[in-house]
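Enquirer: Dropping the structure in here first, questions after.
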Amino acid sequence: MRRTSIRPALTVVFATLLAATACGSLAVADYDYRMPVALADGISTARVEQVGGDRVQTERLVGQFLAGSWGDQHSLLIMKDGLLVLEEYFEGWAGTDLHEVQFVSKSITSLLVGHAIAQGWIGSVRDPISRYLPGYEHLLVGGKEQITIEHLLTKSSGLDWNESDPPYTDPANLRRQEIDSDDGVAFVLGRGLEHTPRERWVYNGGGVTVLGEIALNAMGLDAENLIAEVMDGLLTNDDIQPVYQSDGRLNTAGGFFMTPRGMIKLGQAMLNEGLWGERCVFDEDWIRASTTSHISTSNGRDYGYLWWIDEYRAGGETITVTFATG
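FYI, the numbering used here numbers position 216 of the sequence shown as 1307, with every residue one higher than the one before it.
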């Protein structure tokens, strides 16, 4: 098992990807379709034709990946109607290899918070964050005492934060400073208030660090047991592993490692409103709430509770897609 760093998006792309193969402008390598192998991980498999897919188009798509026409990609998995119909790996990678999913981790953190609410450990998204952050009350002043869990989930806390300039590779980057600090929560909450909470969406990974601390404090669990508690019945330690910041905290804004099959299981459970097989892994009400638009972003997309929402055209239809990405 190996680990690498990429920035994937967990999206429903079956129709869009296959439609893209018809343009004929991309390089294509030879490839013969093969049905995914059924493993003992709860994923059912089928041939692409069984779910209404086009084998020729699918072969062309994978051929484009093999030829490098889609850039540096390590895997391509397609699930339709709850069945895995395509699973291919590239450049020597395998299904057991873990990838750092970077900012997709924020959407996983949404599920951690949702679990804490469903179990009654957190009262409501409208609770002030100070209720779950003992020892940090002195930083939550000057209007910051109004910040709620929902403000952090929608990146509308109002805190003075810009992690896009300078870039993440620069030690002066705010998010980099927070990751490397002795206390990431104090670093974030020590920032001034630039806007009234809820007034504006601003990309803020530091706020997700605070959410991770809130979930841990509320449930009284360490990071590894927290993941096991929330993902029980869906993901194992072979599917997902955590990464920690300099202060020992779980990097809930950008630090999970996952396998491709683990990611597609997570996506299918979201699509099933929390169900994996007969098991309810995530609270149905939370899935609906977190994938509902709560605020508009600066890039034209809508935003739920750490999930992105957008519309795409495919097959002559407009499709609303909920996904995890940067």
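For glycine and all other residues, C-beta sits at the position ideal for the given N, C-alpha and C.
Where does D1422 fall in DSSP's three states?
Expert: Given that the chain is displayed from residue 1092 to residue 1417, the structure contains no residue 1422 and the question cannot be resolved.
Enquirer: Can you name, in chain order, every residue of its own chain whose Cβ lies under 7 Å from the Cβ of A1106, other than the five neighbours on each side?
Expert: Here residue 1106 is taken as the residue at index 15 of the sequence shown, counted from 1. A caution first: A1106 carries a pLDDT of 41, below 50, which makes its placement in the model unreliable, though a value can still be read off. Closer than 7 Å at Cβ, skipping near neighbours: A1405, G1406.
Enquirer: Which residue comes first and which comes last in the beta strand (DSSP E) that contains A1405?
Expert: Within the sequence shown, the letter at position 314 stands for residue 1405. Where A1405 is concerned, the enclosing beta strand (DSSP E) stretches over 1399 to 1405.
Enquirer: Does DSSP put W1367 in a helix, a strand or coil?
Expert: Counted from its first residue, the sequence shown places residue 1367 at position 276. W1367: strand per DSSP, three-state reduction.
Enquirer: Tell me which residues share the same chain as I1400 and place their Cβ nearer than 6 Å to its Cβ, disregarding the 5 neighbours each side in the sequence.
Expert: The count along the sequence shown starts at 1 and reaches residue 1400 at position 309. S1384, D1393, T1413.
Enquirer: Cutting at 6 Å between CB atoms, please list the residues of its own chain near G1346, excluding the five before and the five after it.
Expert: Numbered from 1 along the sequence shown, position 255 holds the residue referred to as residue 1346. Closer than 6 Å at Cβ, skipping near neighbours: S1196, V1334.
Enquirer: Candidates E1236, I1240, L1202, Y1223: which alpha carbon is nearest R1217's?
Expert: Along the sequence shown, read from residue 1 onward, the residue named residue 1217 stands at position 126. If we check each option's Cα against that of R1217, I1240 comes out closest.
Enquirer: Counting only the same chain and skipping the five closest in sequence on each side, list residues whose C-beta sits under 7 Å from that of S1409.
Expert: As a position in the sequence shown, residue 1409 is number 318, starting the count at 1. Per the sequence presented here, residue 1409 reads as Thr, with Ser not at that position. Closer than 7 Å at the Cβ level, and outside the excluded window around T1409, lie E1402.
Enquirer: Just curious, the beta strand (DSSP E) that L1213 is in, first and last residue?
Expert: In the sequence shown, counting from the first residue as 1, residue 1213 sits at position 122. Reading off the sequence, residue 1213 comes out as Ile, not Leu. Segment: none, I1213 is in no beta strand (DSSP E) and carries neither H nor E.
Enquirer: Do D1330 and G1275 have their CB atoms nearer than 8 Å?
Expert: Translated into the one-based positions of the sequence shown, residue 1330 becomes position 239. Translated into the one-based positions of the sequence shown, residue 1275 becomes position 184. Cβ atoms of D1330 and G1275: not closer than 8 Å.
Enquirer: Note the first and the last residue of the continuous beta strand (DSSP E) segment covering L1167.
Expert: On the sequence shown, position 76 is the one that residue 1167 refers to. Note, L1167: beta strand (DSSP E), 1166 to 1171.
Enquirer: Check this for me: beta carbons of I1208 and P1288, under 8 Å apart or not?
Expert: To locate residue 1208, count along the sequence shown from 1; it is residue 117. To locate residue 1288, count along the sequence shown from 1; it is residue 197. It is not a contact, given that the beta carbons lie outside the stated cut-off.
Enquirer: Going by C-alpha distance, which of E1285, D1261, F1181 is nearest A1120?
Expert: Position 29 of the sequence shown, counting from 1, holds the residue named residue 1120. Nearest of E1285, D1261, F1181 to A1120, Cα basis: F1181.
Enquirer: Can you tell me whether H1190 is helix, strand or coil according to DSSP?
Expert: The residue given as residue 1190 occupies position 99 in the sequence shown. H1190: strand per DSSP, three-state reduction.
Enquirer: Does the separation of the CB atoms of S1201 and L1244 fall below 8 Å?
Expert: For this step, residue 1201 is matched to residue 110 along the sequence shown. For this step, residue 1244 is matched to residue 153 along the sequence shown. Taking 8 Å as the Cβ cut-off, S1201 and L1244 qualify as a contacting pair.
Enquirer: Looking at V1374: is its Cβ nearer than 8 Å to the Cβ of G1205?
Expert: Start at 1 with the first residue of the sequence shown, and residue 1374 comes out as number 283. Start at 1 with the first residue of the sequence shown, and residue 1205 comes out as number 114. Correcting the residue type first, residue 1374 is Asp in the shown sequence and not Val. Yes, Cβ-Cβ distance for D1374 and G1205 is below 8 Å.
Enquirer: Classify H1242 as buried or exposed, calling it buried when 16 or more other Cβ atoms lie within 10 Å of its own Cβ.
Expert: By one-based count along the sequence shown, residue 1242 stands at place 151. The residue in question, H1242, is buried, as its Cβ has 16 or more Cβ neighbours within 10 Å.
Enquirer: Kindly provide the ranges of any alpha helix (DSSP H) runs that are 4 or more residues long and lie completely inside the region 1107 to 1157, ordered along the chain.
Expert: Taking only runs of at least 4 residues, the alpha helix (DSSP H) segments lying wholly in the region 1107 to 1157 are 1146 to 1157.
Enquirer: Using 10 angstroms around the beta-carbon of T1149, count the other beta-carbons present and answer buried if the total reaches 16, otherwise exposed.
Expert: Residue mapping note: residue 1149 aligns to position 58 of the sequence shown, counting from 1. With 16 or more other Cβ atoms within 10 Å, it is buried.
Enquirer: Please return the same chain residues whose Cβ sits closer than 7 Å to the Cβ of L1341, not counting the five positions on each side in sequence.
Expert: Position 250 of the sequence shown, counted from the first residue, corresponds to residue 1341. Within the same chain, L1341 has close Cβ partners G1303, A1314, P1333, Y1335.
Enquirer: Given this structure, state the Cα-to-Cα distance separating V1372 from G1298, to the nearest angstrom.
Expert: The residue you call residue 1372 lines up with position 281 of the sequence shown. The residue you call residue 1298 lines up with position 207 of the sequence shown. Taking the straight line from one Cα to the other gives about 25 Å.
Enquirer: Taking only three categories from DSSP, how would you classify T1383?
Expert: Stepping through the sequence shown from its first residue, residue 1383 is reached at position 292. Three-state DSSP puts T1383 in coil, outside helix and strand.
Enquirer: Since M1310 sits in a beta bridge, which residues does DSSP pair it with?
Expert: Translated into positions along the sequence shown, residue 1310 becomes position 219. In DSSP, M1310 forms no bridge with anything.
Enquirer: Do S1160 and L1117 count as a contact pair if the criterion is CB distance below 8 Å?
Expert: Translated into the one-based positions of the sequence shown, residue 1117 becomes position 26. Translated into the one-based positions of the sequence shown, residue 1160 becomes position 69. For L1117 and S1160, yes; Cβs fall inside 8 Å.
Enquirer: Pull the bridge partners of V1412 from the DSSP assignment, please.
Expert: Mapped onto the sequence shown, residue 1412 falls at position 321. BP columns for V1412 point to D1401.
Enquirer: So the candidates are L1265, Q1210, A1415, G1249; which of them puts its Cα closest to the Cα of S1255?
Expert: Here the question's residue 1255 lines up with position 164 in the sequence shown. Nearest of L1265, Q1210, A1415, G1249 to S1255, Cα basis: L1265.
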